[in-house]
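What follows is a single structure, written as structure tokens, with notes after it.
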Amino acid sequence: MFLRNCWYVAAWDHEVADRLMPTRILGEDIVLFRRTDGVVAALEDACPHRKLPLSMGRIKGDTVECGYHGLTFDSTGTCTRVPGAEKIPHVACVRSYPIAERYGLLWIWMGEAAKADPDLIFAVDHWGDPAWGVNRGESMALDCNYLYMTDNLLDPSHVSWVHQSSFGGVQAMEDAPLETTVGVDGVTVWRWVVDAAPAPFYAPSSNSPAIATASSTTRCVTRPTRSSRRSSCRHAPAAKASRCTRTCSSWTVTIS
Ligand code: FES
Ligand SMILES: [Fe+2]
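Taking the numbering used here, I'd label the letters of the sequence shown as residues 37 to 292.
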């Protein structure tokens with residue numbers, strides 16, 4: 037059983053540029069594509085005619101043309117063309133899914149469309165704040181039960197040994213006490229590492245001078261959920277990013 041009325045990450049934004057991108061989420065085949073106005077659409081990846089995946093077809097303007105017999109669908113899943121037929125059968129349609137683009141990610145809502153509120157996507161502290169820098173990595177496919185990953189992410193005590201070249205590698209981190217915050221929709225494990233050089237992952241970069249004094253928060257989420265927006269670090273609400281001189285690392289696993 038899947039939680040359907042929540043947002044799931046479907047792809048990086050740059051993965052859906054000018055091609056049909058097939059993916060599989062909650063056991064369903066989905067095709068993503070970007071319209072000419074830049075908006076990303078998600079459709080069921082199966083033509084209602086003979087079930088060829090639409091991802092094997094082609095983008096035609098703001099529509100997707102099936103690669104088998106040419107049925108064409110717009111971003112809402114409505115069939116706009118049936119070659120050789122004057123009337124379009126009402127059953128000639130595919131399901132469409134709400135998409136939200138946020139934090140460089142494409143989020144998909146697989147449940148009731150009327151409840152797809154982008155504000156339910158959790159807030160990333162300081163996102164878009166020029167005083168803060170952003171590190172973007174790649175995604176990792178893990179061939180295991182998701183609960184193992186949840187266990188790992190709530191266990192930052194391994195960071196000093198496993199992640200020495202990234203966000204570990206700071207002696208002071210070994211001794212910094214861990215704190216756990218339990219909220220209505222999740223659990224956050226966090227700690228402050230005070231008066232220590234930042235770990236390599238948080239080190240200053242040449243194009244983001246402010247990051248020399250403030251690091252970003254590492255947040256891992258296995259379930260999308262509601263979260264209030266914050267304008268300052270959640271662990272030191274009074275400390276604005278520009279004045280923060282601490283390294284804050286936290287791992288959040290939300291539950292719903
Ligand atoms: S299978 Fe798509 S048009 Fe026939
Ligand atoms: Fe790890």
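Each residue gets a CB set at the ideal place from its N, CA and C atoms; glycine is no exception.
Predicted model only: the values in this text are computed from it and were never measured.
May I ask you to verify whether the region 151-161 touches the region 180-199, counting CB pairs closer than 8 Å and requiring at least 3?
no
Short Cβ contact (8 Å threshold) for P58 with P84:
The Cβ atoms of P58 and P84 lie no closer than 8 Å to each other.
Compute the Euclidean distance between the alpha carbons of M37 and L62, then round it to the nearest angstrom.
Rounded to the nearest angstrom, the two C-alpha atoms are 9 Å apart.
Answer with buried or exposed for W163, where buried requires no fewer than 16 other C-beta atoms within 10 angstroms of its C-beta.
Exposed, because fewer than 16 other Cβ atoms sit within 10 Å of the Cβ of W163.
Is there contact here, the region 109-121 with the region 65-82, by at least three beta-carbon pairs under 8 Å?
yes
Separation of N171 from Y238, as counted between CA atoms
8 Å
Going by Cα to Cα distance, which pick from D221, A177, A46, W226 is closest to E64?
A46
In this structure, what does DSSP give as the bridge partners for W168?
Note: W168 sits in no beta bridge, so no partner.
Nearest to G173 by CA position, among D161, G140, K96, L39, is which residue?
G140
Pull up the distance between the alpha-carbon of D231 and that of V195, whole angstroms please.
18 Å
Who are the near neighbours of G97 in its chain, counting only those whose CB is closer than 7 Å to its CB and skipping five residues on each side?
In the same chain as G97, and ignoring 5 residues on each side of it, the C-beta atoms closer than 7 Å to its own belong to T72, in chain order.
Cβ of V206 within 7 Å of any heavy atom in ligand 2?
no
Give the straight-line distance between the Cα atoms of G120 and T224, rounded to the nearest whole angstrom.
Rounded to whole angstroms, G120 to T224 spans 58 Å at the Cα level.
If we count the other Cβ atoms within 10 Å of its Cβ and call it buried at 16 or more, is A177 buried or exposed?
Exposed.
Between the C-alpha atoms of D221 and V118, what's the straight-line distance to the nearest angstrom?
47 Å
Curious, which full-length beta strand (DSSP E) runs of at least 3 residues does the region 91-123 contain?
94-96, 99-101, 115-117
Taking 7 Å as the limit, tell me which residues put their C-beta closer than that to any heavy atom of ligand 2, in chain order.
In chain order, the qualifying residues are N188, H194, V195, V198, H199.
Answer yes or no: the CB of G106 versus the heavy atoms of ligand 1, is any distance below 7 Å?
yes
In or out: T108 buried (at least 16 other Cβ within 10 Å) or exposed?
buried
Nearest neighbour of I135, chosen from V127, H105, F69 [CA to CA]
F69
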